[in-house]
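These protein sequence lines map, in sequence, to chains A and B.
In case it helps, our numbering puts the first sequence at residues 1 to 134.
In case it helps, our numbering puts the second sequence at residues 135 to 352.
Yeah, the Cβ is synthetic: ideal placement off N, Cα and C, and Gly gets one too.
Predicted, not measured: the structure shown is a model, and the values here were computed from it.
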Amino acid sequence: MAYSEKVIDHYENPRNVGKLDQDSQSVGTGMVGAPACGDVMRLQIQVSDEGIIEDARFKTYGCGSAIASSSLATEWMKGKTLDEAATIKNTDIAEELALPPVKIHCSVLAEDAIKAAIDDYRSKQKHDDAAPAA
Amino acid sequence: MPSGPAGSHWSGLFFSGTFFFDAECSSDTICDLGIDDVVVDLSKNYFELFELPVSCQVDQQRLSSQYRALQRAVHPDRFAGDGERQQRLSIQYASHVNEAFDTLKQPLPRVIYLLKLAGRDVDMECNTIMDAGFLMEQMALREAVADIKSTSNPEQEVERLADQVDADIHRYLQQFEGFWVSGTEQDLDQAETLVRKMQFMVKLATELEQLESELLDD
């Protein structure tokens with residue numbers, strides 16, 4: 001199967017590969033997996049006090065499309081508010097990367113990772129609010 | 135009629151559950167049977183086809199011997215000189231038998247099939263949100279696999295990881311069996327989750343095998 005140029009670009013020069021401190025209160029971590037292809041994706045966001053995503057990092061073990069989808073997701077998330085980032089749809093990712101139908105699930109994985117990371121960050125803030133003031 | 139491989143003697147009793155015999159067929163060697171005499175009942179489940187109990191564990195020896203006997207009976211080569219319909223039937227039967235064998239041979243397709251028999255189609259495409267602990271473990275395993283070549287003794291490291299993955303697959307299989315035998319809806323949910331985890335591990339095992347042969351080639 002031929003990959004699109006954009007997929008190859010992200011695959012060969014993945015943006016924002018790496019890890020953020022999972023235990024930090026300002027970091028949200030999303031972990032998702034796709035049993036169909038055994039792909040595992042970790043997507044992390046660093047959120048400012050104003051609720052802006054300052055940094056995003058990913059690590060994906062999977063095919064080129066999965067790597068490109070998560071790489072693109074981190075690019076798109078940076079600078080966005082949590083609510084804005086939450087509106088990123090897998091169809092947008094698939095369209096941007098020109099993913100063939102058999103690789104659509106890779107973009108679904110990326111969308112789920114985005115949501116999981118945002119959820120993780122938000123649940124951390126809730127816990128924070130609930131904790132007694134130091 | 136074309137003759138089959140030498141020594142492929144036919145035992146009617148052995149396959150009484152699988153084949154339908156023409157009442158007038160007096161021969162006791164499979165080589166003399168036409169495809170119409172050897173009807174594979176496509177409605178039977180794969181376990182029944184091989185006359186095996188429906189179970190997580192499969193007697194591999196029996197599976198192989200039943201498979202060989204069935205393949206001998208329906209192999210398209212035997213019907214090369216017959217009409218088009220007979221040839222088509224034999225191809226259909228042979229591919230059914232092959233698929234059944236492939237499904238039962240390895241644990242993962244076998245347990246997926248068991249769930250299917252229990253009315254559960256495991257959807258591997260969706261369900262991306264899995265238990266976080268498992269995914270972290272997967273991530274760590276993948277990282278270890280990615281680093282193998284830079285370790286001081288890659289061969290040993292491949293073996294260590296392969297053993298670990300095999301042990302995990304075995305453990306999941308045993309857990310699956312417990313849930314599957316009990317068979318309540320909740321238990322089948324658990325069984326389904328285990329199948330997904332197994333799928334990850336099997337992928338990893340395949341990758342490790344590839345890596346191992348690469349290391350041997352170097």
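Item                                                                                                      : Value
C-alpha gap between B:A280 and B:A296, whole angstroms                                                    : 13 Å
Cutoff 9 Å: A:M77 Cβ touching any chain B Cβ                                                              : no
Contact between the segment 315-325 of chain B and the segment 333-348 of chain B (3+ Cβ pairs under 8 Å) : no
Under 9 Å between C-beta atoms of B:D236 and B:S224                                                       : no
Residue burial classification, B:E348 (beta-carbon count within 10 angstroms, cutoff 16)                  : exposed
Proximity test, Cβ basis, 9 Å: B:Q240 and chain A                                                         : no
Alpha-carbon to alpha-carbon, A:G28 and A:L99                                                             : 27 Å
DSSP three-state assignment for A:Y3, whether helix, strand or coil                                       : coil
A:R162 in three-state terms, based on DSSP                                                                : Because chain A in this structure spans residues 1 to 134, residue 162 of chain A falls outside the shown range and cannot be described.
Proximal chain B residues relative to A:Y61, where beta-carbon distance stays under 7 Å                   : R276
Beta-bridge pairing of A:R57 - partner residues as DSSP gives them                                        : A:Q44
Residues of the segment 25-42 of chain A with Cβ closer than 8 Å to any Cβ of chain B, in chain order     : M31, V32, G33, A34, P35, A36, C37, G38, V40 and R42
First through last residue of the alpha helix (DSSP H) which encompasses B:G267                           : A266 to D281
Burial state of A:G79 (16 or more Cβ within 10 Å)                                                         : exposed
B:A214 - containing beta strand (DSSP E), residue span                                                    : No beta strand (DSSP E) contains B:A214, which DSSP labels as neither H nor E.
Three-way DSSP call (helix, strand, coil) for B:M258 in this model                                        : coil
Nearest-angstrom Cα separation, counted from A:L72 out to A:E12                                           : 13 Å
Residues bridged to A:I52 (per DSSP)                                                                      : A:T81
Boundaries (first-last residue) of the beta strand (DSSP E) holding B:V336                                : Unbroken run through B:V336 is the alpha helix (DSSP H), E319 to D351; no beta strand (DSSP E).
Rounded C-alpha distance that separates A:C106 from B:R212                                                : 45 Å
Beta carbon of A:A86 nearer than 9 Å to that of A:D9                                                      : no
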